[in-house]
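Q:
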Amino acid sequence: MPEEEKLVNYYSCSYWKGKVPRQGWMYLSINHLCFYSFLMGREAKLVIRWVDITQLEKNATLLLPDVIKVSTRSSEHFFSVFLNINETFKLMEQLANIAMRQLLDNEGFEQDRSLPKLKKKSPKKVSALKRDLDARAKSERYRALFRLPKDEKLDGHTDCTLWTPFNKMHILGQMFVSTNYICFTSKEENLCSLIIPLREVTIVEKADSSSVLPSPLSISTRNRMTFLFANLKDRDFLVQRISDFLQQTTSRIYSDKEFAGSYNSSDDEVYSRPSSLVSSSPQRSMCSDADGERQFNLNGNNVPTATQTLMTMYRRRSPEEFNPKLAKEFLKEQAWKIHFAEYGQGICMYRTEKTRELVLKGIPESMRGELWLLLSGAINEKATHPGYYEDLVEKSMGKYNLATEEIERDLHRSLPEHPAFQNEMGIAALRRVLTAYAFRNPNIGYCQAMNIVTSVLLLYAKEEEAFWLLVALCERMLPDYYNTRVVGALVDQGVFEELARDYVPQLYDCMQDLGVISTISLSWFLTLFLSVMPFESAVVVVDCFFYEGIKVIFQLALAVLDANVDKLLNCKDDGEAMTVLGRYLDSVTNKDSTLPPIPHLHSLLSDDVEPYPEVDIFRLITTSYEKFGTIRADLIEQMRFKQRLKVIQTLEDTTKRNVVRTIVTETSFTMDELEELYALFKAEHLTSCYWGGSSNALDRHDPSLPYLEQYRIDFEQFKGMFALLFPWACGTHSDILASRLFQLLDENGDSLINFREFVSGLSAACHGDLTEKLKLLYKMHVLPEPSSDPDEPDSAFEATQYFFEDITPECTHVVGLDSRSKHSADDGFVTVSLKPDKGKRSNSQENRNYLRLWTAENKSKSKNAKDLPKLNQGQFIELCKTMYNMFSEDPNEQDLYHATAAVTSLLLEIGEVGKLFVPPPAKEDKLHCEDIGEDTVLVRSGQGTAALPRTTSLDRDWAITFEQFLASLLTEPALVKYFDKPVCMMARITSAKNIRMMGKPLASVSDYEISAMSG
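Using my numbering, read the sequence shown as starting at 1497 and increasing by one per residue.
#1: Determine the DSSP secondary structure at S1706, reduced to helix, strand or coil.
#2: Below 8 Å CB to CB, which residues in the same chain sit around V2076 once its five sequence neighbours on both sides are set aside?
#3: Please work out which residues of its chain come closer than 8 Å, Cβ to Cβ, to V1991, disregarding the five sequence neighbours upstream and downstream, and give them in chain order.
#4: Whole-angstrom Cβ separation of L1907 and R1928, contact assumed at under 8 Å?
#5: DSSP state of K1565, grouped into three classes?
#6: On the premise that R2252 lies in contact with I2159, defined as a C-beta separation below 8 Å, what is that separation, rounded to the nearest angstrom?
#7: Could you pull the start and end residues of the alpha helix (DSSP H) that H2394 belongs to?
#8: Let me know if N2244 comes out buried or exposed under the rule of 16 or more other beta-carbons within 10 Å of its beta-carbon.
#9: According to DSSP, simplified to helix, strand and coil, what is R2115?
#10: Between S1623, G1652, T1745, which has its C-alpha nearest N1676's C-alpha?
#11: Pop quiz: L1954 and A1924 are said to be a contact at Cβ under 8 Å. What is the actual Cβ separation, rounded to whole angstroms?
#12: Among the residues of its own chain, which have a CB less than 7 Å from the CB of F1935, if the five just before and after it don't count?
#13: Going by DSSP, name the residue or residues bridged to Q2051.
#14: Going by DSSP, which residues form a beta bridge with L2057?
#15: Could you give the distance in angstroms between the alpha-carbon of M2482 and the alpha-carbon of L1552?
#16: At what residues does the alpha helix (DSSP H) containing K1515 begin and finish?
#17: Would you decide whether K2271 is buried or exposed? Buried here means 16 or more other CB atoms lie within 10 Å of its CB.
#18: Touching or not, the region 1576 to 1588 and the region 1912 to 1920, by the rule of three or more beta carbon pairs under 8 Å?
#19: I need the boundaries of the alpha helix (DSSP H) containing Y1956, first residue and last residue.
#20: What alpha helix (DSSP H) runs, 4 residues minimum, are completely inside the region 1854 to 1930?
#21: Going by other Cβ atoms of all chains shown within 10 Å of its Cβ, with 16 needed for buried, is Q1519 buried or exposed?
#22: Would L1965 and S2033 qualify as a contact pair, given that the criterion is a beta-carbon distance under 9 Å?
#23: Where do the N-terminal and C-terminal ends of the beta strand (DSSP E) with E1553 fall, by residue?
#24: Hey, would you say L1690 sits closer than 9 Å to L1734, going by beta carbons?
#25: Tell me the DSSP bridge mates of A2455?
#26: Within 10 angstroms of the Cβ of C1509, are there 16 or more other Cβ atoms? Answer buried if so, exposed if not.
#27: Going straight from the alpha carbon of T1722 to that of S1714, what length do you get?
#28: Please go through the same chain and pick out, in chain order, the residues whose beta-carbon is closer than 7 Å to the beta-carbon of I1667, but skip the five residues on each side of it.
#29: Buried or exposed for S1533, please, with buried defined as at least 16 other CB atoms from any protein chain shown within 10 angstroms of its CB.
#30: Leaving aside the five residues before and after H1835 along the sequence, list all residues of the same chain whose C-beta is less than 8 Å from its C-beta, in chain order.
#31: With three or more C-beta pairs closer than 8 Å as the rule, is the region 2464 to 2483 touching the region 2390 to 2397?
#32: Out of Y2380, A1996, L2018, which has the shortest C-alpha to C-alpha gap to Q2008?
#33: Output yes or no for whether 9 Å exceeds the beta carbon distance between D1998 and V1987.
#34: May I ask you to verify whether the region 2217 to 2232 touches the region 2379 to 2388, counting CB pairs closer than 8 Å and requiring at least 3?
#35: Is it the case that the Cβ atoms of L1542 and Y1511 are separated by a distance below 9 Å?
#36: So K2215 packs on A2129, CB below 8 Å; how close in whole Å?
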C-alpha cells in the first residue's frame, strides 16, 4: 500500500477458508479491508477494496455465533472470533458507506482537522482516523434526530434532567451541545425533545444548587423562554464550552417574524445578542422594518411576484362562507394556539407526544407552512442564510442548461388542476424555486417529481420558505432521492420490500411475482403520495412526513397493502394489481378539508366503474401506527445501508453493461475484454481519487454526461495504464510515446480522455490490422511536440545516426528521378525498387502479397490516407527513435534494428526525391534566431569531447506521406511480422490488475493467494 493509504484500526479475528479458520489480523483502512495471517511458516493475505463489496452482513449460526460475511461480485469471505464484533461491524459499515458515496457522487474522504487533540495523559489507543469516523457517526445521528443542517458537528453530550413547566416535572434525558445548537431528548422515547439555536440564546448562567436541583443551568432565549437543566456532571466545563460557542457565533440581527401572531408585542422588535453572557433586556433595533427584513426583488422578467402563499391568494371560497368544515378548521387552529401557549412557539418549543397527536390530526391550512418549516428544520437554514435565496435567483435567472430545459418542460405539469398554477404568477414562482435549487446543487440539478412536491410547498409557504423546504427535503430528509438515477428511492424500494416480507408475508410472494412493489414504491415515495392520492388527503401525509420522516411513508405504504390483501391475492397480472391499488388510493378522502375536491387522474379514467368505498385519511394513518408503528428510524437506517450496497453496485453493473454494448461495435475487443477494461479504467479513476492525482477528481467525473464519458483520466493516470496495457510501451521512451498518444486521443483538448477515447487507441494498437497500427503510429508523430526539452532534438539526431551505421550506399536504389515520376508523386508516393539481399528472397512473394492487399485497401481508404498531413524531417526522426525503442526488449531485436535502418534510409531518399516537386521557398537575407532554435541541433564530434560542436540543420522541404511510410515498411518482413503479431489482451489485463492491486507484479491479492491455500 502507498503512504497515502491510512490505517483506521485493526482487530484480531479468524478468516474461514473452507472448514478451517486461520487466526490473524483484520486491517481496516479508508479504502481497503485487509487480512494477514502467518502461521506455521505459511503466510496468507487478503485485500478487498470497499468499492467492490456488494454485501456486508453480521450473522449468527449454531456453528458460528458471531460472524461477519463480506461478499463481492466473485466471492464470499467469512470472519469470526472478534473481541468486539459490534464495534468492528459498525466501522466496516461506515467505511463501506464512504466507498458507496464515492461511487455515487465522487465524494472522497477528507479527514477532519478540527478535531481536538488527545491530552497527553490520555492513553493513545485509538487512531486519529478512528476518532474522526466515530465523531462523524455521532454527528450524523445527532443531525438526523434533531433535523439540523448537514454541516453541524456534535461537540459532546451528557446526561441531565430538564424541568418541564407544562407538567411540573424533571425529565431524565441527554443534553447535546454542538457549534450552533443545544438540544435535549428524553430517555423515554417521544416524551420530550428540545432544540435551542445559539443564535436565540441571550443568557447562560449557573443557578444555585440544592438537594432538589443539583448543579442547575439556566438558558434564556429571545422569545422570553427559560430552560432549566440540572444534574449536570461537569457543569463548569459545559458552561465554558457553551460560552466559547456563543463567542464564535457571528453576531447577527434576526427578525422575529417567522411566526407572526405569537407575540404581538415583539413583532416589530429585532434583538441582537450581547457579546457578554450577562443578563440584558431586549434592545429595539435602530433599523427600520425594511432594513430588518430584506425585501426580495425577484421580478426580473416583469412577472407578477407573490408576497404571500399561493393558497392564500387563490383560496376558492368566499371569506363570509362558514360551514361545519370551517368550524372544525377553526377548532384545530385554537388547539394549536393553546398548545403554543403551553409548550412554547417557534424553534425552541417543547416537542412532546401532544405535538405528535396534533400533527396526526392534521395541521390547519393557515399554520401549515409555518409548522412545515419548524418540523423539518428548514427554519434553521433560512435563519442562518439571510439573502441567500435572493442572490441565488438573481444569479440563476436567464441562464440555461439541461436542468432548466427540463424544468420548463415540467412547469405546466405541476398541479395543473389547481388555479394557482393556471396563471403566470404561480408558474413563475415555481420556475424560480426549481431553477435556484438546480444552481445551488448541480449534482442533483432537477429531477422529475421535484416539480410536484415544490408546487405543493409553494401553496402553503412563501417562495423563500418553499426553497428551504425543498433543500431540507432533497438533502436531508430524502437523501439521494432526486438525482439522475434516483438511488435513494431505489434504496427505499428495497427497504420496503424487506418490510413487506416481514409485515405482510402472505402478500409478499404474490407481489414479487407480479413485480408490483418496484412499480408502486417509486411513485409513492418520490412524490410522498401527492401523485397518487387526492390533493387534500396527500397534504396530510406531508404533514406527518415533516414530523416523523420517512418512517411514516413506509407505515402508510404497508397499511395500503394490508387493506387490499384479499384483492391483491386474486390479481392475475401487474396491471390488475395496479388498478386495485390506484382505485383504493383515489378513494382516500379528507372530510375535514375546507378545499373543494380536485379531480384526480385515476378517478377521471374510471368513472364508469363502480365507486370504491371511501377511506378516511386520518383513519388510514391511525391504522398504520397501530399495525406498523413499531418500525423505528434506526432500523430503517440499518436496512438502508444493506440496500444501498446492493443498489449502487447493481447500477454500476448496469452502467458497465450499457457502456460495453454501446462500444463493442466500434472496437475489435470482445465483450469480456471490454468489461475488464472498463473495470480497470474505472478503478484507475477511483484510485486517483483517494491516492491523489494531478487533476481534481470532481473534474474527472461528471454524472450528467453520457455513460461513456462519465469517468475520465488525466495524463498521469493514462501514463500508468499505457505502460501496463499497450504493446508499444517499452524502455525509457515509453512516457514520451504515452504523451503523444494521449495528445492524439484527447480530441476536445481538455487534458482528459474518457473510456471511449481510451479504448479506440488501445483497440487500434492491439487488435487493429497492420495498416491501422501503422496509421496510429504515424498520427502520433505528426502531432506537435509534446515536450519542449531542448535536448530532445539532439538525442533524436543521435538515435538516427545509429540506423545509418550499417547502411551501405548500394542497399537501396531509387528510380524514376526524371519528370515521369511527377505523376507518381501526385498519387502520394514515389515508386521505388529495391536490391534485395539473399536472406529476403524467400519472403519476396509474401511481401508482394502484402503490397497487393494494401493496394486494394488503399483504393477504399485513399481519401482518408491522403487527409493525413505529411511527416517532416524532425517528426520522422522522432518516429525512427520511437521504433528503435519499441524493439529494445524483443527477441528479434537485431533483425528489427537492421530492418528499421533499411526503411529509414529508403524513406530519407524518398523524402529527398519529394523535394524536387516542392517549389523553392523565398530566400531570406539572414537567419533568424527563431529558425536556429527550431531547426538547428548540435551533435558531438566523433573525435572526442575536445572537438568543437558542429550544426546539422533539419531540411524544411523534406517530407514523406503515410502511403510512402507504409509501402516502405512492407518491404521488411521482420517489421511486418512485428506489427502483425496478435496481442493477448486478457493476459495484459490480468497482469495490470495484479500490479495495480498491490503495486508490484503478480502480487498475492484477495482471491489470488487465499484461494491457493490448502486450508
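Every residue gets a Cβ at the ideal spot worked out from N, C-alpha and C, and that includes glycine.
Keep in mind the model is a prediction, meaning the values are calculated, not measured.
A: In short, the structure shows the following:
#1: Position 210 of the sequence shown, counting from 1, holds the residue named residue 1706. Reduced to three states, the DSSP call for S1706 is coil.
#2: In the sequence shown, the residue the question calls residue 2076 occupies position 580. These residues qualify, in order along the chain: N2060, K2063, L2064, C2067.
#3: Taking the first residue of the sequence shown as position 1, residue 1991 is located at position 495. These residues qualify, in order along the chain: F2050, I2132, M2135, R2136, Q2139.
#4: Locating residue 1907 in the sequence shown gives position 411, where the first residue counts as 1. Locating residue 1928 in the sequence shown gives position 432, where the first residue counts as 1. With 8 Å as the limit, L1907 and R1928 do not qualify as a contact, their Cβ atoms being about 11 Å apart.
#5: What you label residue 1565 is simply residue 69 of the sequence shown in a count that begins at 1. It is a strand residue.
#6: Here residue 2159 is taken as the residue at index 663 of the sequence shown, counted from 1. Here residue 2252 is taken as the residue at index 756 of the sequence shown, counted from 1. Yes, I2159 and R2252 are in contact; Cβ-Cβ is about 6 Å, under 8 Å.
#7: Taking the sequence shown and counting its residues from 1, one reaches residue 2394 at position 898. Element bounds for H2394: 2389 to 2411.
#8: Along the sequence shown, one-based indexing puts residue 2244 at 748. With fewer than 16 other Cβ atoms within 10 Å, it is exposed.
#9: Taking the first residue of the sequence shown as 1, we reach residue 2115 at position 619. Helix, per DSSP.
#10: As a position in the sequence shown, residue 1676 is number 180, starting the count at 1. Measuring from the Cα of N1676, the nearest candidate turns out to be T1745.
#11: The sequence position of residue 1954 within the sequence shown is 458, counting from 1. The sequence position of residue 1924 within the sequence shown is 428, counting from 1. About 11 Å separates the two Cβ atoms, so there is no contact after all.
#12: As a first step, residue 1935 must be located in the sequence shown, where it is residue number 439. Hits under 7 Å: L1888, K1891, S1892.
#13: Working through the sequence shown from its first residue, we reach residue 2051 at position 555. Note: Q2051 sits in no beta bridge, so no partner.
#14: Here residue 2057 refers to the residue found at position 561 of the sequence shown. The partner list for L2057 (beta bridge, DSSP) is empty, contrary to what the question assumes.
#15: Sequence index remark: in the sequence shown, residue 2482 carries index 986 (1-based). Sequence index remark: in the sequence shown, residue 1552 carries index 56 (1-based). Inter-residue distance for M2482 and L1552 is about 30 Å (C-alpha atoms, whole angstroms).
#16: In the sequence shown, counting from the first residue as 1, residue 1515 sits at position 19. It is not in any alpha helix (DSSP H) - K1515 carries neither H nor E in the DSSP assignment.
#17: Within the sequence shown, the letter at position 775 stands for residue 2271. K2271 comes out buried.
#18: In short, these stretches do not touch, since the Cβ pair count stays below three.
#19: Counting from 1 along the sequence shown, the entry for residue 1956 is found at position 460. From DSSP, the alpha helix (DSSP H) with Y1956 extends over 1946 to 1956.
#20: Within the region 1854 to 1930, the complete alpha helix (DSSP H) runs of at least 4 residues are 1864 to 1872, 1874 to 1880, 1884 to 1892, 1898 to 1906.
#21: Position 23 of the sequence shown, counted from the start, is the residue given in the question as residue 1519. Label assigned to Q1519: exposed.
#22: The sequence position of residue 1965 within the sequence shown is 469, counting from 1. The sequence position of residue 2033 within the sequence shown is 537, counting from 1. Cβ atoms of L1965 and S2033: not closer than 9 Å.
#23: Reading the sequence shown from its first residue, position 57 is the one you call residue 1553. It spans 1549 to 1555 - the beta strand (DSSP E) in which E1553 sits, taken as one unbroken run.
#24: What you label residue 1690 is simply residue 194 of the sequence shown in a count that begins at 1. What you label residue 1734 is simply residue 238 of the sequence shown in a count that begins at 1. L1690 is not a Cβ neighbour of L1734, given a cutoff of 9 Å.
#25: As a first step, residue 2455 must be located in the sequence shown, where it is residue number 959. Answer is N2368.
#26: Taking the sequence shown and counting its residues from 1, the one referred to as residue 1509 is at position 13. Taking every protein chain shown into account, the CB of C1509 has 16 or more other CB atoms within 10 angstroms, so this residue is buried.
#27: Here residue 1722 corresponds to residue number 226 of the sequence shown, with the count starting at 1. Here residue 1714 corresponds to residue number 218 of the sequence shown, with the count starting at 1. Rounded to whole angstroms, T1722 to S1714 spans 7 Å at the Cα level.
#28: The residue you call residue 1667 lines up with position 171 of the sequence shown. Excluding positions up to five away in sequence, the list reads T1657, L1658, T1660, S1682, L1687, C1688.
#29: Sequence index remark: in the sequence shown, residue 1533 carries index 37 (1-based). Of the other Cβ atoms in all chains shown, 16 or more fall within 10 Å of the Cβ of S1533; this residue is therefore buried.
#30: Within the sequence shown, the letter at position 339 stands for residue 1835. Apart from the 5 residues on each side of it in sequence, H1835 sits with its Cβ closer than 8 Å to the Cβ of K1850, T1851, L1854 in its chain, given in chain order.
#31: Under the three-pair Cβ rule at 8 Å, the region 2390 to 2397 counts as touching the region 2464 to 2483.
#32: By one-based count along the sequence shown, residue 2008 stands at place 512. Residue A1996 holds the alpha-carbon nearest to the alpha-carbon of Q2008 among Y2380, A1996, L2018.
#33: Counted from its first residue, the sequence shown places residue 1998 at position 502. Counted from its first residue, the sequence shown places residue 1987 at position 491. D1998 is not a Cβ neighbour of V1987, given a cutoff of 9 Å.
#34: With the cut-off at 8 Å, the region 2217 to 2232 and the region 2379 to 2388 touch.
#35: Locating residue 1542 in the sequence shown gives position 46, where the first residue counts as 1. Locating residue 1511 in the sequence shown gives position 15, where the first residue counts as 1. In contact: L1542 and Y1511 (Cβ atoms closer than 9 Å).
#36: Numbered from 1 along the sequence shown, position 719 holds the residue referred to as residue 2215. Numbered from 1 along the sequence shown, position 633 holds the residue referred to as residue 2129. Not a contact, Cβ separation roughly 48 Å.
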